[in-house]
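J.: The sequence shown finishes on residue 422 if you use full-length UniProt numbering, and the numbering steps up by one all the way, no holes.
Questions regarding the structure given below will be posed in turn.
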Amino acid sequence: MLMDELLTDELISAWWRLRQLPGFGTVTTNELLDQLGSPRALLRCDRQQLRSLGLSDTAIERWQFDESLSNGLDNLLNWRRQSGSGVLMVGTKDYPEALASLRDAPTFLYYSGNVQALQRPMIAMVGSRHPTPYGRQWARECAAELAASGITVVSGLALGIDGEAHEGAVRRGSTIAVLGSGPDQIYPARHLGLAHRICDQGMLLSEFAPGVTPQARHFPSRNRIISGMTLATIVVEADIKSGTMITARLAAEQGREVFALPGVVSNPLSRGPHQLIREGAALIENANDVLGELGLDIPAPQTNAEQQSLELESPLFENDQANTEFVETETITLREALRVKSPAPKAKPKAPRVAESVDVTSNSQNAAEVPELVTCIDYTTTSIDLIAIRSNLQMARLLPELLQLELDGWLQQQPGGYARIK
Numbered sequence: 001m002l003m004d005e006l007l008t009d010e011l012i013s014a015w016w017r018l019r020q021l022p023g024f025g026t027v028t029t030n031e032l033l034d035q036l037g038s039p040r041a042l043l044r045c046d047r048q049q050l051r052s053l054g055l056s057d058t059a060i061e062r063w064q065f066d067e068s069l070s071n072g073l074d075n076l077l078n079w080r081r082q083s084g085s086g087v088l089m090v091g092t093k094d095y096p097e098a099l100a101s102l103r104d105a106p107t108f109l110y111y112s113g114n115v116q117a118l119q120r121p122m123i124a125m126v127g128s129r130h131p132t133p134y135g136r137q138w139a140r141e142c143a144a145e146l147a148a149s150g151i152t153v154v155s156g157l158a159l160g161i162d163g164e165a166h167e168g169a170v171r172r173g174s175t176i177a178v179l180g181s182g183p184d185q186i187y188p189a190r191h192l193g194l195a196h197r198i199c200d201q202g203m204l205l206s207e208f209a210p211g212v213t214p215q216a217r218h219f220p221s222r223n224r225i226i227s228g229m230t231l232a233t234i235v236v237e238a239d240i241k242s243g244t245m246i247t248a249r250l251a252a253e254q255g256r257e258v259f260a261l262p263g264v265v266s267n268p269l270s271r272g273p274h275q276l277i278r279e280g281a282a283l284i285e286n287a288n289d290v291l292g293e294l295g296l297d298i299p300a301p302q303t304n305a306e307q308q309s310l311e312l313e314s315p316l317f318e319n320d321q322a323n324t325e326f327v328e329t330e331t332i333t334l335r336e337a338l339r340v341k342s343p344a345p346k347a348k349p350k351a352p353r354v355a356e357s358v359d360v361t362s363n364s365q366n367a368a369e370v371p372e373l374v375t376c377i378d379y380t381t382t383s384i385d386l387i388a389i390r391s392n393l394q395m396a397r398l399l400p401e402l403l404q405l406e407l408d409g410w411l412q413q414q415p416g417g418y419a420r421i422k
């Protein structure tokens, strides 16, 4: 199938209406598109040719004349006309080629931001919503180095590793956030500022139309896009039973590479990556390993000044309970946020906004049950000075709390500091 055909309102209308017919899901639509060879060929079909493609006379009549099939179409076309926003269709220009090869590739994708982010090699990075400080730092630094080398880093805008991947990448290059909502809805709400920065150099991307709020059932579908549009998926800290592991297995089923970061054996979040490595995933330790496995150019090592800048601008642990909740309580639209950011919203993408609460709980331990101070401590020895920096606590308060956590079975004292044990 040719992927350089220009997308027009006429094409969008024809295929949108077809998708509304009973029985025309993504797989059936993609099979029809394969038979036609190009999206525009549908416009040239007469009734006999449409019958030969499997459409009944009733379906043909409805497709041609039933105005109810156009419900939602105006919303789509209006979104396409917004500055900084757009629509992609499988089989046409700019649609991710790797994603188009999948049998269940979404017919339409909606975006806000810079479509040029799709023109670079893409690598996914996913992991726990409640990672250790080590996992956070590694994800941020690796994503930054990948982005600096010309890679677009793809993730899902969730709390934890997703957010760290986007934060690192957006400082050095390009990143794409694939959403479980419309591209004008931001979930979780606290990533609204991050979403703005992503739109400047990357994009927010979704198979869900503008205005669609996040739902738990959307996220598995979102995950297949993350893995399907990329060359490889990197797993950074994950429980055995988690959405991250589902994404990794989807990547393998789609014929993509899977990379895993090994971790400390006492860390429950090492179990997922270790299981993947046992099953054949490539063990990686840094961005150079990733690029080398894929046969891509390896970037120059990051300088100390660059590294220090990345760490100073992006604290690894924010004392706002961002890492202690499974469910965000609200959603915000990018349009609302842009009213605050700029007096001229027409020059910016139509805004994602904060979405309503969504239950996306995994089977891993609920981080809300973990004392906040524990999340500042690694499963390897962490010095008391570093714990104090991460927790922003004075020693007079910190030391008694560490002792209590040790008595409660959360920590174990080590020469030079403490280590988390559960």
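Using N, Cα and C, we set each Cβ at its ideal position, and we do this for glycine too.
Using the Cα positions of Gly150 and Pro121, report the straight-line distance between them to the nearest angstrom.
T.: Near 7 Å, if we compare the C-alpha coordinates of Pro121 and Gly150.
J.: On a Cα-Cα basis, can you pick out the residue from Cys376, Ser242, Leu36 that is closest to Arg390?
T.: Answer by Cα proximity: Cys376.
J.: Which two residues bound the contiguous beta strand (DSSP E) that contains Glu418?
T.: According to the sequence provided, residue 418 is Tyr. The question's Glu does not apply to it. Taken as a continuous stretch (DSSP letters only), the beta strand (DSSP E) holding Tyr418 covers 417 to 420.
J.: Under 8 Å between the Cβ atoms of Ala195 and Arg171?
T.: For Ala195 and Arg171, no; Cβs fall outside 8 Å.
J.: Whole-angstrom Cβ separation of Leu250 and Ser221, contact assumed at under 8 Å?
T.: No, Leu250 and Ser221 are not in contact; Cβ-Cβ is about 10 Å, not under 8 Å.
J.: Thinking C-alpha only, which one of Val178, Leu73, Ser56 is nearest Gly10?
T.: According to the sequence as given, residue 10 is Glu; it is not Gly. Measuring from the Cα of Glu10, the nearest candidate turns out to be Leu73.
J.: Just the C-alpha distance for Arg51 and Gly127, rounded to the nearest angstrom, thanks.
T.: Taking the straight line joining both Cα atoms gives about 47 Å.
J.: Have a look at Ala100, Phe208, Arg197, Gly160 and flag the residue whose alpha-carbon is nearest the alpha-carbon of Val235.
T.: The option with the nearest alpha carbon to Val235 is Gly160.
J.: Would you mind giving the Cβ-Cβ distance between Gly91 and Ala98, rounded to the nearest angstrom? I have them listed as a contact below 8 Å.
T.: No, Gly91 and Ala98 are not in contact; Cβ-Cβ is about 14 Å, not under 8 Å.
J.: For residue 424, list the residues DSSP reports as bridge partners.
T.: The structure shown has nothing for residue 424, since the chain only spans 1 to 422.
J.: Can you tell me whether Thr175 is helix, strand or coil according to DSSP?
T.: Strand, per DSSP.
J.: What three-state label does DSSP hand Ala232 in the structure shown?
T.: Three-state DSSP puts Ala232 in a strand.
J.: Using 10 angstroms around the beta-carbon of Ser155, count the other beta-carbons present and answer buried if the total reaches 16, otherwise exposed.
T.: Flag for Ser155 reads buried.
J.: Between the segment 171 to 186 and the segment 259 to 272, do three or more beta carbon pairs fall short of 8 Å?
T.: Verdict: no, contact absent.
J.: Within 10 angstroms of its Cβ, does Leu407 collect 16 or more other Cβ (buried), or is it exposed?
T.: Exposed, by the Cβ-count rule.
J.: Can you list, in chain order, the residues of its chain with a C-beta nearer than 7 Å to that of Gly182? Leave out the 5 residues immediately preceding and following it.
T.: Closer than 7 Å at Cβ, skipping near neighbours: Tyr110, Ser206, Phe208, Ala209, Pro210, Gly211, Val212.
J.: Give me the Cβ distance between Leu21 and Arg62, rounded to the nearest whole Å; I'm assuming they're in contact under 8 Å.
T.: Contact flag correct, Cβ pair sits at about 6 Å.
J.: Do Trp410 and Arg397 count as a contact pair if the criterion is CB distance below 8 Å?
T.: Against a cut-off of 8 Å, the Cβ pair of Trp410 and Arg397 comes out as no contact.
J.: Could you spell out the range, first to last residue, of the alpha helix (DSSP H) harbouring Glu145?
T.: It spans 133 to 148 - the alpha helix (DSSP H) in which Glu145 sits, taken as one unbroken run.
J.: Please go through the UniProt domain "DprA winged helix" (367 to 417) and give each complete alpha helix (DSSP H) segment of 4 or more residues, from N-terminal end onward.
T.: As far as the UniProt domain "DprA winged helix" (367 to 417) is concerned, its whole alpha helix (DSSP H) runs of at least 4 residues are 384 to 391, 395 to 407.
J.: Output yes or no for whether 8 Å exceeds the beta carbon distance between Glu257 and Glu293.
T.: A contact, by the Cβ cut-off of 8 Å.
J.: In its own chain, which residues sit with a C-beta less than 8 Å from the C-beta of Ile277, not counting the 5 before and 5 after it?
T.: Closer than 8 Å at the Cβ level, and outside the excluded window around Ile277, lie Ala260, Pro262, Leu283.
J.: Do Pro39 and Glu5 count as a contact pair if the criterion is CB distance below 8 Å?
T.: Result yes, Cβ atoms of Glu5 and Pro39 sit closer than 8 Å.
J.: Nearest to Met229 by alpha carbon, out of Lys241, Ala216, Gly255?
T.: Closest option to Met229, Cα to Cα, is Gly255.
J.: Assuming Phe65 is part of the alpha helix (DSSP H), what are its boundary residues?
T.: First-last of the alpha helix (DSSP H) with Phe65: 57 to 65.
J.: Rounded to whole angstroms, what's the CA-CA distance from Asp200 to Arg217? Just pull it up for me.
T.: Answer to the nearest angstrom: the Cα atoms are 29 Å apart.
J.: CA-CA distance, Asp57 and Pro106?
T.: Answer to the nearest angstrom: the Cα atoms are 26 Å apart.
J.: Classify Gly163 as helix, strand or coil using the three-state DSSP reduction.
T.: Residue state, collapsed to three classes: helix.
J.: Below 8 Å on the Cβ atoms is my contact criterion, and I expect Arg136 with Glu164 to pass it. Report the Cβ-Cβ distance as a whole number of Å.
T.: At roughly 5 Å, the Cβ-Cβ gap stays under 8 Å, so Arg136 and Glu164 are in contact.
J.: Quick check on this structure: which residue in Ser242, Ala248, Asp239 has the alpha carbon closest to the alpha carbon of Ile225?
T.: The option with the nearest alpha carbon to Ile225 is Ala248.
J.: Have a look at Ala252, Met245, Leu55, Gly295 and flag the residue whose alpha-carbon is nearest the alpha-carbon of residue 423.
T.: For the chain, the structure presents residues 1 to 422; residue 423 sits outside this window and is missing.
J.: So what does Met125 bridge to, in DSSP terms?
T.: For Met125, which the question treats as bridged, DSSP gives the partners Ile234.
J.: To the nearest angstrom, how far is the alpha carbon of Thr233 from that of Glu253?
T.: Their backbone Cα atoms lie some 12 Å apart in a straight line.
J.: For Thr26, collect the residues of the same chain with a Cβ closer than 8 Å to its Cβ; drop the 5 residues on either side in sequence, then sort them by chain order.
T.: Cβ neighbours of Thr26 beyond the five flanking positions: Asp104, Ala105, Pro106, Thr107.
J.: Please return the same chain residues whose Cβ sits closer than 6 Å to the Cβ of Leu69, not counting the five positions on each side in sequence.
T.: Here the set comprises Arg17, Gln20.
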